[in-house]
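Asker: Per our numbering: the sequence shown = residues 1 to 66.
Ideal Cβ positions, reconstructed from N, Cα and C, are used throughout, including at glycine.
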Amino acid sequence: MDGRKRSEVKPGLLVNIVQKNHQRTGELTEGIVKNLLTNSPNHPHGIKVRLETGEVGRVQEILDED
Numbered sequence: 001m002d003g004r005k006r007s008e009v010k011p012g013l014l015v016n017i018v019q020k021n022h023q024r025t026g027e028l029t030e031g032i033v034k035n036l037l038t039n040s041p042n043h044p045h046g047i048k049v050r051l052e053t054g055e056v057g058r059v060q061e062i063l064d065e066d
């Protein structure tokens with residue numbers, strides 16, 4: 001899953017995100033979703049989330065499917 005649908009992204013999932021300052025390089029940050037920041041049902045660049053560490057970015061892939 002690539003994280004473009006809000007219904008697929010839930011708090012507690014392990015995901016890879018790209019932070020705004022890393023969009024050009026594509027550097028990914030791994031973490032656990034704390035809450036969702038995108039309200040629309042889908043987004044072409046990925047659903048924006050806040051990780052438990054406080055980092056904010058758009059989901060590029062979902063690693064944990066529990």
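Sorted by chain position, which residues of the same chain lie with C-beta nearer than 7 Å to Thr38's C-beta, five sequence neighbours on each side aside?
Answerer: Cβ within range, chain order: Arg6, Ile47, Lys48.
Asker: Tell me whether Arg50 sits in a helix, a strand or coil according to DSSP, three-state version.
Answerer: Here Arg50 sits in strand by DSSP.
Asker: By Cβ distance, which residues of its chain are closer than 8 Å to Thr53, with the 5 residues on each side in sequence left out?
Answerer: Gly31.
Asker: Please report the residue range of the beta strand (DSSP E) in which Gly31 lies.
Answerer: Start and end: 28–36.
Asker: Can you tell me which residues form a DSSP beta bridge with Glu61?
Answerer: DSSP, once it has assigned bridges, lists Asn16 as partnering Glu61.
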